[in-house]
Amino acid sequence: MTFRTGLVDAIGHTPLIRLKRASELTGCTILGKAEFMNPGQSVKDRAALYIIKDAVARGRLQPGGTIVEGTAGNTGIGLALVADAMGFKTVIVIPETQSQEKKDMLRLAGAELVEVPAVPYANPNNYVKVSGRLAEQLAKTAPGGAIWANQFDNLANRQAHIETTAPEILTQTDGKVDAFICSVGTGGTLAGTGIGLKSIDRRIRIGVADPMGAAMYSWFTDRELKFSGSSISEGIGQNRVTRNLEDAPVDFAYQIPDEEAVPLVYDLLLEEGLCVGLSTGINIAGAIRLARDLGPGHTIVTILCDHGSRYQSKLFNPEFMRSKNLPVPEWLEHRSTIEA
Ligand code: PMP
1 MTFRTGLVDA IGHTPLIRLK RASELTGCTI LGKAEFMNPG QSVKDRAALY
51 IIKDAVARGR LQPGGTIVEG TAGNTGIGLA LVADAMGFKT VIVIPETQSQ
101 EKKDMLRLAG AELVEVPAVP YANPNNYVKV SGRLAEQLAK TAPGGAIWAN
151 QFDNLANRQA HIETTAPEIL TQTDGKVDAF ICSVGTGGTL AGTGIGLKSI
201 DRRIRIGVAD PMGAAMYSWF TDRELKFSGS SISEGIGQNR VTRNLEDAPV
251 DFAYQIPDEE AVPLVYDLLL EEGLCVGLST GINIAGAIRL ARDLGPGHTI
301 VTILCDHGSR YQSKLFNPEF MRSKNLPVPE WLEHRSTIEA
């Protein structure tokens, strides 16, 4: 018999899938690490598990304790599921603007939700700062203690990718990977996978794919934080250098408009049966640009970050997309079940 011993053991070891259209378009082998196949349907399960394990190992969390976090959703879902499986509670602070599907899943996973207005990081009422203050209060009162997961600046986040994502990619490609590229939320995936891959083979190139208007493009090209404009992508679009991003080994940076990424997500579903969110579209657009810069014959790995079912009411809702002046293919009008 071969089986995983429970949810925690089922996180990671995701398949690497050849992306047909992106590969054919560029003459490269473009591979997507199917992180939407984690139990919580996103790449953030890995970070959630490492953050909780680290807090337990440091004696900061006892049985029945509470994990508090500010999250766009996926980290919260990962934390809540791992907490269920390990006997902890979760309190999640989330910006109101995040998709209803993510909020519903968080409640279903047992998280207590605190919804706050979406305001910039500099504002003291920003969701990350609210979650930090809440954790401080709960640490004094909650049975079993309370921790602030603090995914942006907690290095257990990127450690997950140093110890799991990077070695998995090397094993799955027989070490024949030329480049890795992804977008940035906390930077855990980019920095952790980048550090992990380069520690084994320094020739592996690392790229960042930034949604239009976020600051990672200017940071990794000019060491300046310039941000403006907007993207409908969720979970990515960072405007500061988080602790997880410090020393991230980046060789290439691309700025990707939603108009470039959205059709890639739609085509991936229509032609390859892969249903993913928009941060994955940004990643694939970045992989295609990197493939063009490197030339044919290279193997490039990117991340398929989360499952598209999380965005039925937005990315896969023609009405919503039209309101953002983004392209909607004819077939989506027929497939979407969202009422206008
Ligand atoms: N895509 C999605 C959908 C996410 O939720 C996140 C995490 N916020 C990312 C990508 C980026 O991952 P990381 O935090 O490791 O940079």
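According to full-length UniProt numbering, the sequence shown is numbered sequentially starting from 1.
C-beta atoms are modelled at their ideal positions from N, C-alpha and C, and glycine is treated no differently.
Checklist line | Where Glu-168 sits in the DSSP three-state scheme | finding: Helix at Glu-168.
Notebook entry, point to check: For ligand 1, any of its heavy atoms closer than 7 angstroms to the Cβ of Ser-199?
Noted result: False, no ligand heavy atom lies under 7 angstroms from that Cβ.
Item checked: Contact belief for Cys-305 with Ser-42 at Cβ below 8 angstroms, rounded distance in angstroms -> Correct: roughly 6 angstroms between the Cβ atoms.
Check: Going by the C-beta, is Ile-284 closer than 7 angstroms to any heavy atom of ligand 1?
Finding: It does not: the Cβ of Ile-284 is nowhere closer than 7 angstroms to a heavy atom of ligand 1.
Checklist line | Bridge partner(s) assigned by DSSP for Asp-210 | finding: Per DSSP, Gln-255.
Item checked: Reduced DSSP category for Gly-32 - H, G, I as helix; E, B as strand; rest coil -> DSSP places Gly-32 in strand when its eight states are reduced to three.
Next item on the list: Take every Cβ of the region 220-231, pair it with every Cβ of the region 195-203, and state whether three or more of those distances are shorter than 8 angstroms.
Entry: No, the region 220-231 is not in contact with the region 195-203.
Check: For the beta strand (DSSP E) that contains Phe-180, what are its first and last residues?
Finding: From DSSP, the beta strand (DSSP E) with Phe-180 extends over 179-182.
Margin query: Nearest by alpha-carbon distance to Leu-315: which of Ala-261, Arg-133, Gly-207 is it?
Written below: Checked all of Ala-261, Arg-133, Gly-207; the closest Cα to Leu-315 is Ala-261.
Check: Considering only the beta carbon of each residue, do Asn-317 and Ala-209 sit closer than 8 angstroms?
Finding: It is not a contact, given that the beta carbons lie outside the stated cut-off.
Notebook entry, point to check: Whole-angstrom Cβ separation of Ala-146 and Leu-138, contact assumed at under 8 angstroms?
Noted result: The Cβ separation is near 4 angstroms, so the contact holds.
Notebook entry, point to check: Which residue's Cα is closest to the Cα of Ile-204: Leu-290, Ala-48, Ala-109?
Noted result: Ranking Leu-290, Ala-48, Ala-109 by Cα distance to Ile-204 puts Leu-290 first.
Check: Opposite Pro-95 in the DSSP bridges: which residues?
Finding: Residue pairing for Pro-95: DSSP places it in a beta bridge opposite Val-116.
Item checked: C-beta contact flag for Leu-61 and Lys-33 at 8 angstroms -> No, these two residues do not count as a Cβ contact at 8 angstroms.
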